[in-house]
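Residues 927 to 2203 (the numbering used here) are what the sequence shown spells out, left to right.
We put the beta carbon where it would ideally sit given N, CA and C, even for glycine.
Every value quoted in this text rests on a predicted model; they were computed, and no experiment measured them.
Report on the structure given below.
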Amino acid sequence: MDQKIISLAAEKTADKLQKFLQSLKEDDLTNLLQNQAVKGKAAGALLRGIFKGSPCSEEAGALRRHKIYTFCIQLVESGDLQKEVASEIIGLLMLEAHNFPGPFLVELVNEFIDAVREGSLVNGKSLELLPIILTALAAKKENLTDGKGELSGEEYKKQLINTLCSGRWDQQYVIQLTSMFKDVPLSAEEVEFVTEKVLKMFPKLNLQEIPPLVYQLLILSSKGSRKRVLEGIIAFFNELDKQHNEEQSGDELLDLLTVPSGELRHVEGTIILHIVFAIKLDRDLGRELLKHLKTGQQGDPNKNLCPFTIALLLSVTRIRRFEEQVFDLLKTSVVKSFKDLHLLQGSKFLQNLVSHKSCVSAMILEVVKNSVHSWDHVTQGLVELGFILMDSYGPKKILEGKAVEISSSLSRMPVHQACKLGASILLETFKIHEMVRQEILEQVLNRVVTKASSPISHFLELLSSIIVYAPLVLQSCSSKITETFDYLSFLPFQTVQGLLKAVQPLLKVSMSMRDSLILVLRKAMFASQLDARKSAVAGFLLLLKNFKVLGSLSSSQCSQSIGVTQVHVDVHSRYGSVANETLCLEIIDSLRRCLGQQADVRIMLYEGFYDVLRRNSQLSNSVMQTLLSQLKQFYEPKPDLLPPLKLEACLVAQGDQSFLQEPLAHLLCCIQHCLAWYKRRVMPLQQEEEEEEEEGFYQDLNDMLDSITNRMIKSELEDFELDKSSDFSQTTDTGIRNNLCALLVMGVYETLIEYNFSISNFRDSTPSHEESLSVLRSSNEFMRYTVSVALQKVQQLKETGHVSGPDGQNPDKVFQNLCDITRVLLWRYTSIPTSVEESGKKEKGKSISLLCLEGLQKIFDVVQQFYQPRIRQFLRALDVTDNEGEEAEVSVTQRATFQTRQFQRCLLNLLSSQEEDFNSKEALLVISVLSSLSKLLEPSSQQFLQMLSWTSKICKENSLEDASFCKGVMNLLFSLHVLYKSPVSLLRDLSQDIHGELGDIDEDIEVEKTNHFAMVNLRTAAPTVCLVALSQAEKVLEEVDWLITKLKGQVSQEIISEEASSQAALPNQPIEKAIIIQLGTLLTFFHELVQTALPSGSCVDTLLKDLCKMYTILTALVKYYLQVCRSSRGIPKNMEKLVKLSGSHLTPLCYSFICYVQNKKSDNLKSAGEKKKEKTAAVATAMAKVLRETKPIPNLIFAIEQYEKFLIHLSKRSKVNLMQHMKLSTSRDFKIKGNILDMVLQEEEEEENQEGTASEHGGQNEEPAKKKRKKEMKCLS
């Protein structure tokens, strides 16, 4: 039978074939076809014959064709056929699809839809036909009936696609169905149907099925809905990441993770590669991605930015076209995130409204952590981003050329946090990815060398962290570091110090690197530049500190710990302790040559020797002998000879100028510190071992210092050729020389004082010292001197982060000393108040108590700046009554409160004194201390509230007329208040007080005084309180602006659909309400101030600028409601009230205030001209001042008009007449009043006649007169 069909099909005409096929039963044909197909015989030829003999023009033929077509689909789907046979049948079916009439095509599609919905597909092979059938259907010109009416082929195709996407899809055919749609011509709406359906299927699929599905979806996105595809993919993986993190955070669920971490990251990595590949082929997809994420930045960045998105963006940077845009987006997002966090932390008002979610920085660091799962495509982007952040936001050079130190307080600023994030990204990437280590190290070193003139401390810190993490790994990069050493002579000294400290661990493990460094340092020692020689000394001292000689004492004070791996290498390398001894002795020999160089080089050496001894005790003999021989050059050995030191030998003359050659005080200081250390650490051990050799230098140096002490006590100024009549001017050579001598003598005395204190081991509790100590305590000058030195040290710590002298670089020792000093200063200040001390004696300079207070103020700042993590320990050290066991129980807030109360009592004592006896400077310092201590209080604690109410009480009950104190206490009040709640009500009260004190701009109106705050009086109301209040109002406006921007961004994201918009609008209502209340209260604040007769100058200027900001933000709020009105929502009633308030209570008064300001300026200018007619320069200056001070007026008028313009738009859109409360601005409707104009012109003519006699000044006065007239005309209305 099959052969007959095939043979008949070979004939030219199909008549016989048709007759034969009609004679057969339908089941015979299907059985025959099945048998042939299963056997793999000529099923294709048979099928061609059947289709040839079943023309669509005949009804029987069409039915037979339809039945066979349907049967073939089932046959292919059964899975019984060989792959080649199935492919052949599918190919034939594809060719025949276009011959079917429309209704049959519809039936075929419906059969497919039913099969998909019921899940009756076996292998999905037949789905390859569906796009061909749909395409054929869309191409049909005739209309088709669907039971409800007639539809075109295209419309029917749309309806069928909608039906298919509305039904259930079996998860195993999702990928095939998605792939199928890419071959169907789709309209934008149809693409949207399909995209939504596929995205809904994501959660139902296994994780491993997602990448191929995303691949197909991205191909489909070329037809449209790119934004929706990207949104869906990002949202899915963002949610998946959140779930995964929540599962990992619960320890009990660790064994029950839905998705293993590694599998999820690998899938995400594959998806990212697919998207990047799609963007390379379709740049519109890349543009859509950036547009989507930039839009999200305005609202809630966390909605769009997530670790997956950041990883995707970093991968996209490999596409040159998008590289710059992506890095700009990431930079902006990072800084915006830190700024938002900074704003939130400083405002309780914002904290109550906006919950802070995860920061962008945390997301980026999570991407670094996730990139361990073969995310090589992300790694390069991470490295570039890290360096971009460090380059853009690192410390900047200030005017004097000194770098701004990044202290812990500054590091909380957004820009510095961004720089710190860059360093963290690079360090973590370096740890994880071996392939980028060389590049990171090279780029860091390149910046250290090429940017040496700029501050590079952040790069040096990063280099140090990298080296400490993996010194052995970096041996492979030793050539690059060695190459950097060649530039040491040309780099600034500070850079060299940081670089050498950073690479120090490498010198322990790399012989070649150490040798290269020594070679470079030896060359640098004889360089012509002073910085190069200082660098050589610093390098050699570093080597001496870190290459220990056998038998050296262990030091618990090493500033840089060495890891286990390094110790291991050190022990087993050829650089043992014996080799180290040879090396160190060679270095000391080299350093002896420095003792003939400039004073700066010698000072470095003297300051470094103590640290060398402390870390490498076996070098004590060589170092002490060197110091002894150096001192002998300037020591007078005869015991009776005065003075005991040759000061002339310490100075050198070059031409007409004298220079310091030997810093003798530093030499003596170094010797006394080394002696004290030797006595404390080495001698006890020698006594135990009964070794007394090599102690000659110790005795010699002790004897010499004792002799110098005794003879310096006997010496007079005349012995040094100095006396009161000596020339100390800095303009003559003799004066400069005398100054240098005097400084040397003072330095020697200071060092000898320290030496005698240390050898005598003075302690207050030792009875034998009481007599000596009582003499010292009775000397106010000596006590003032000691406190001043302590203050100098604290100031040095504040500016540089460390102090000079022994252990000055050791943070632990410095912290301990700070605690001791603070305890003493605190006891002295609280036990002997300044008033008591000053009433007894009238001496020049500051009293000791005031110096103590100044020291306390600096110390509290410094501790928070550099020792933030050790605040608890610091406060505990101040509490002399503290017991060891109580440490865990007492919080920082409680300890800080105890100290706060002491200073509160001090301030109350100051305020209780008579006003003429009030010590303003001391009060300001106490306020500053209280401000520092208040930062340690937990804002939610009862103690914080007590502090706030106490400060408020001070402002309400004290009417001091001291402006600086008023400013200090007001700033303290606001700094506390913002952490409790918004200060708008406080501002309103202050504005009423200011208005009451200064009076109204209309002199006929008498203002009732409110007296909320006694601190506001005629002396302090303006400019002091007024400027403080305006400054705070600016901050409130900034917060409101931030909230409005956030709302606008959310609305723009929600406008996608009306439904989404109406649902999402409700959570914004509390924020909207808060914004309107803030602006309403601020409006009453400005309402008072624009009626106040403020003096010309800063108050008026600032008020005009702030009013301009107020209207700008009101306009922004109106624009937000314009956006909101696009949805079904209208504007709330309280917004209508705010608009009404602005129209009745602010805008008219603003115009009155503008007139008041202009008239006042004109009067001032007129009076200046009348008083100083001879001095034209004075009039010109007055004119310039007037022009400068009236500059904000046009900006304010423009801001008001913009506000009114957008109110008109909002009225039209909301169908609410908001302009009914707005009055036409009259001050801008200029109209000439004849009587006033005649009067003014007549006055000016008289003035010109009077000035005619002074012809030499006439030409000069003419121009100012014109300007004056124009000014006066402006307010003739």
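Please determine, among the options, the residue with the shortest C-alpha to C-alpha distance to residue i.
i: residue 1777; options: 1917, 1677 and 1754; result: 1754
i: residue 997; options: 1038, 1009, 1511 and 1997; result: 1038
i: residue 1132; options: 1186, 1091, 1838 and 1106; result: 1186
i: residue 2061; options: 2040, 2076, 2079 and 2077; result: 2040
i: residue 1260; options: 1803, 1342 and 1248; result: 1342
i: residue 1425; options: 1437, 1438 and 1409; result: 1409
i: residue 1392; options: 1886, 1738, 1206 and 1363; result: 1363
i: residue 1571; options: 1611, 1517, 1634 and 1107; result: 1634
i: residue 2082; options: 1114, 1760 and 2017; result: 2017
i: residue 1110; options: 1057, 1099, 1088 and 1119; result: 1057
i: residue 1794; options: 1205, 1862 and 1804; result: 1862
i: residue 1607; options: 1882, 2123, 1539 and 1749; result: 1539
i: residue 1548; options: 1508, 1526 and 1568; result: 1508
i: residue 1737; options: 1763, 1710, 2146 and 1791; result: 1791
i: residue 1601; options: 1684, 1404, 1569 and 1953; result: 1684
Let me know if residue i comes out buried or exposed under the rule of 16 or more other beta-carbons within 10 Å of its beta-carbon.
i: residue 1545; result: buried
i: residue 1784; result: buried
i: residue 1826; result: buried
i: residue 1987; result: At residue 1987, the pLDDT of 38 sits below 50, so the modelled position is not reliable; the number obtained from the coordinates is stated separately. Flag for residue 1987 reads buried.
i: residue 1295; result: exposed
i: residue 1388; result: buried
i: residue 1541; result: buried
i: residue 1044; result: exposed
i: residue 1354; result: buried
i: residue 1636; result: exposed
i: residue 1126; result: exposed
i: residue 2155; result: Low local confidence applies: a pLDDT of 44 at residue 2155 is under 50, so the model's placement there is unreliable, and no value is given.
i: residue 1888; result: buried
i: residue 1282; result: exposed
i: residue 1297; result: buried
Starting from residue i, follow its DSSP beta bridges and name the residues at the other end.
i: residue 1463; result: DSSP output for residue 1463 lists no bridge partner at all.
i: residue 1561; result: 1571
i: residue 1577; result: 1586
Can you tell me which of the three DSSP states residue i falls into?
i: residue 1585; result: strand
i: residue 1926; result: strand
i: residue 2187; result: Low per-residue confidence applies at residue 2187: pLDDT is 38, beneath 50, and the placement is therefore not dependable, though the value from the model is reported in the following sentence. Residue 2187 falls in the helix class under three-state DSSP.
i: residue 1593; result: helix
i: residue 905; result: Only positions 927 to 2203 of the chain appear in the structure, and residue 905 is not among them; the question remains open.
i: residue 1897; result: helix
i: residue 1836; result: helix
i: residue 1804; result: helix
i: residue 1451; result: coil
i: residue 1403; result: helix
i: residue 1936; result: coil
i: residue 1822; result: helix
i: residue 2041; result: helix
i: residue 1886; result: coil
i: residue 2182; result: Low confidence applies here, because residue 2182 scores a pLDDT of 43, under 50, leaving its location unreliable and the question unanswered by this model.
Using a threshold of 7 angstroms, is the CB atom of residue i nearer than that to any non-hydrogen atom of the ligand GDP?
i: residue 1385; result: Although the ligand GDP was asked about, the structure shown includes no ligands whatsoever.
Measuring only between beta-carbons, confirm whether residue i sits less than 8 angstroms from chain C.
i: residue 1208; result: Here chain C cannot be found, since the structure has a single protein chain.
Within the chosen definition, does the region 1552-1567 reach the region 1588-1602 through at least 3 CB pairs nearer than 8 angstroms? The answer is yes - the region 1588-1602 touches the region 1552-1567, with three or more Cβ pairs under 8 angstroms.
* To do: Determine, using beta-carbon pairs with one atom in the region 1851-1865 and one in the region 1885-1899, whether at least three such pairs fall under 8 angstroms.
  => They touch, by the three-pair rule.
Any contact between the region 1240-1252 and the region 1260-1271? By contact I mean 3 or more CB pairs, one from each, below 8 angstroms.
In short, these stretches do not touch, since the Cβ pair count stays below three.
- request: Would you check if the region 1100-1117 and the region 1135-1155 touch, i.e. whether three or more CB-CB distances between them fall below 8 angstroms?
  value: yes
> Taking three-plus beta-carbon pairs below 8 angstroms as touching, is the region 1746-1760 in contact with the region 1685-1699?
Replying inline: no
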